[in-house]
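There are 2 protein chains.
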Amino acid sequence: MNEFSLIEKYFTWKNSDLDGLGVGDDCALVSVSSQQQLAITVDTLIEGVHFPIDTTPQDIAYKALAVNLSDLAAMGATPWYFSLALTLPSIDEQWLKGFSQSLKALAQQHNIYLIGGDTTKGALSITINATGMLRKNQALLRSGAKVGDNVFVSNTLGDAALAWWQIQKQQIPSTSLLAQFNCPQPQVKLGQALLGIANSCIDISDGLEQDLSHILTHSKVGASIDINALPLSAEVTAHIANTQDWCVALAGGDDYELCFTAPKTQMDAIQLIAEKLHIVITKIGIITEERGLEIKGLEGGCQSYQHF
Amino acid sequence: MNEFSLIEKYFTWKNSDLDGLGVGDDCALVSVSSQQQLAITVDTLIEGVHFPIDTTPQDIAYKALAVNLSDLAAMGATPWYFSLALTLPSIDEQWLKGFSQSLKALAQQHNIYLIGGDTTKGALSITINATGMLRKNQALLRSGAKVGDNVFVSNTLGDAALAWWQIQKQQIPSTSLLAQFNCPQPQVKLGQALLGIANSCIDISDGLEQDLSHILTHSKVGASIDINALPLSAEVTAHIANTQDWCVALAGGDDYELCFTAPKTQMDAIQLIAEKLHIVITKIGIITEERGLEIKGLEGGCQSYQHF
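Set out below in structure tokens:
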């Protein structure tokens, strides 16, 4: 059983007086006034599962907040505040200093405030709960993709997964791959810029194949993407040439880029956003009426990342 | 170094456009409109630290939510929604079923909604982030105690601590002690009833001595309490008679009752609240100008519960 069916089976209670998204999108939405909604997300990082055992406290703090910012980004929300639940095996002042400085730097960069937390003793684990703000009914959802939409991704795919693959094989990843693994840039400004332009959006934390499939399922559509259109770094391109291992790009997870769909009429607007934000946005396919995800040019399949 | 100085040293950043409580009260407060504030709290429970290894999933779920509801209670907030970060060593459907049923039952009892969560693989740990609603500037704070206020506690002290003490000594606690340990009743209705009546309030999760001291520190006052006025169950009374161990009542922690202060003029109002809610509220002392906590009738001292 994977994480998704686990959550859905036991923890999806119907909440009639909330906005009803419950578990499913990157964030839950809660209305606080007639104009405003909160977008709320929570992510736990565990040593040895979500980051290697010798990761620096700076990188751990960065990633713990960044993955939550990425969830806010996927909804187009403006970051507002977060809480920190920190479980530590022991108190190490140097570690705490590095952790808190890095957390504060990323928080300030995105104008999100630490409001409180809890510290406990145990195996190293960090749970951050982040809340953002949205104008009501503006949120980017997984369920809005329309037949004929173009499918886009930001920047490149598979860099973090390749770094993790190398680490597990006792290889030392390049600085740029490690940066993508440890310090993924949450696409907060991109998400906000896509409000009113994209029909659906998700962050690629579990791999393109799985995350795009969530959009397709929730939107009740299909998609056809071109394997040769995927934006890849030189290192990932070389890795795939050597190994035929497309999984790093399709199913590796931890990319924290955005995958979104938008009507063809929005091509120019999206190009302008890319230029303004100095990021690369690549069209990788289209939304189709026929259900399922077709990956043109891929021989064999891929298995997305599962926590269990 | 204890939990409090740890948090204060590294994670108290000043957030000028929030309501500024940051870390310190039971909840952080965030204004969402000119009339309303959110009260937000987070608590992590770890197997072997906050509950014994063979605790049932029902009791774990209950306690994980109850301790957060208790934080909302301490501020007088009305519970609204919560998220769940659940770390599990493996997937056990029976365990999950028991956990989710118990969580849902307590959530429904207090009209609080599960909005989302995250599940990860690792040592058993539960982090709940709960949000409540308050009318602006109504929150019960630690900082409002006034010289001359009476000091009160709800129900009895030390039952949970005595249960834990017995478990650690391989004894089997009585059903009523175990119920106080595993299923503390969060005093949500009491907190709400005290709005406009109490000057300060805290929940007794770390022991009366430490938690009342937080009120005194934040309010810049002292208190004098009478050891013989403390409300104790028959079992705790017998334990103290046998062992002279006042620590279970003063410093045991995990009581999740409320300690609050109120002007003498509110005695009748408080008596009415106790009757209406069918709880016992006991006056245990008064707030004094002289700083520090005087415990009349106690010989020797006590050490409150510390996570580290």
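In order, the protein sequences belong to chains A and B.
Residue 99 is where the first sequence starts when you use the numbering used here, and the numbers rise one by one after that.
Residue 99 is where the second sequence starts when you use the numbering used here, and the numbers rise one by one after that.
Beta carbons: idealized from backbone N, C-alpha and C, even for Gly.
Between the C-alpha atoms of residue i and residue j, what's the straight-line distance to the nearest angstrom?
i	j	result
B:Ser188	B:Gly350	32 Å
B:Leu348	B:Ile377	20 Å
B:Glu355	B:Ser252	6 Å
A:Val346	B:Val147	39 Å
B:Gln290	B:Met365	17 Å
A:Ala203	A:Ile384	38 Å
A:His312	B:Pro271	49 Å
B:His337	B:Ser132	51 Å
B:Ala321	B:Leu310	9 Å
B:Leu260	B:Pro282	14 Å
B:Glu388	B:Val319	7 Å
A:Leu276	A:Asp123	28 Å
B:Lys244	B:Thr217	45 Å
A:Gly120	A:Val128	Note that A:Gly120 has pLDDT 43, beneath the 50 cutoff, so the model's placement of it is unreliable and no number is given.
A:Asn326	A:Thr154	36 Å
If you run the structure through DSSP and keep just helix, strand and coil, what is residue i?
i	result
A:Ile377	coil
B:Pro177	strand
A:Asn227	strand
A:Glu392	strand
B:Thr153	coil
A:Ile265	helix
A:Val165	helix
B:Gly220	coil
A:Ser281	Just to set this straight, residue 281 of chain A is Cys in the shown sequence, not Ser. Three-state result, A:Cys281: coil.
A:Thr254	coil
A:Val245	coil
A:Gly289	helix
Using a Cβ-Cβ distance cut-off of 7 Å, determine whether residue i contacts chain A.
i	result
B:Ala126	yes
B:Ile313	no
B:Asp216	yes
B:Leu166	The residue you asked about is not Leu; residue 166 of chain B is Asn in the sequence shown. No, its Cβ sits nowhere closer than 7 Å to a Cβ of chain A.
B:Leu194	yes
B:Thr225	yes
B:Gly220	yes
B:Ser181	yes
B:Val346	no
B:Val130	yes
B:Val286	no
B:Ser303	no
B:Ser198	yes
B:Ile158	no
B:Val121	Per-residue confidence for B:Val121 stands at a pLDDT of 47, beneath the threshold of 50, marking its modelled position as unreliable; the derived number appears in the next sentence. Interface residue, yes.
B:Ile210	no
B:Val147	yes
Assign residue i to one of two classes, buried (16 or more other C-beta atoms within 10 Å of its C-beta) or exposed (fewer than that).
i	result
B:Asp190	exposed
B:Ala332	exposed
B:Thr273	exposed
B:Thr363	exposed
A:Ile210	buried
B:Ile151	exposed
A:Gly411	What is shown of chain A runs 99 to 406, which leaves residue 411 of chain A out entirely.
B:Leu370	exposed
B:Ala408	The structure shown does not extend to residue 408 of chain B, since chain B is modelled only from 99 through 406, so no value can be given for it.
Short check: CB of residue i to CB of residue j, under 7 Å?
i	j	result
B:Ser424	B:Ile213	Here chain B has residues from 99 to 406 only, and residue 424 of chain B is not among them.
A:Ala159	A:Leu186	no
A:Ala296	A:Leu391	no
B:Leu306	B:Leu232	no
A:Leu292	A:Phe358	yes
B:Ile368	B:Ile323	no
B:Ala137	B:Gly196	no
B:Gly242	B:Ser298	yes
A:Ser198	B:Tyr179	no
B:Lys234	B:Gln342	no
A:Asp353	A:Ala228	no
B:Asp157	B:Asn280	yes
A:Leu143	A:Ile265	no
B:Ala171	B:Val249	no
B:Leu375	B:Leu288	yes
Would you verify that the beta carbon of residue i is, or is not, closer than 7 Å to some beta carbon of chain B?
i	result
A:Val475	It is not possible to answer for residue 475 of chain A, since the shown part of chain A is limited to 99 through 406.
A:Asn297	no
A:Leu239	no
A:Tyr108	yes
A:Thr467	Limits of chain A in this structure are 99 at one end and 406 at the other, which puts residue 467 of chain A out of reach.
A:Ile371	no
A:Ile213	yes
A:Ile382	no
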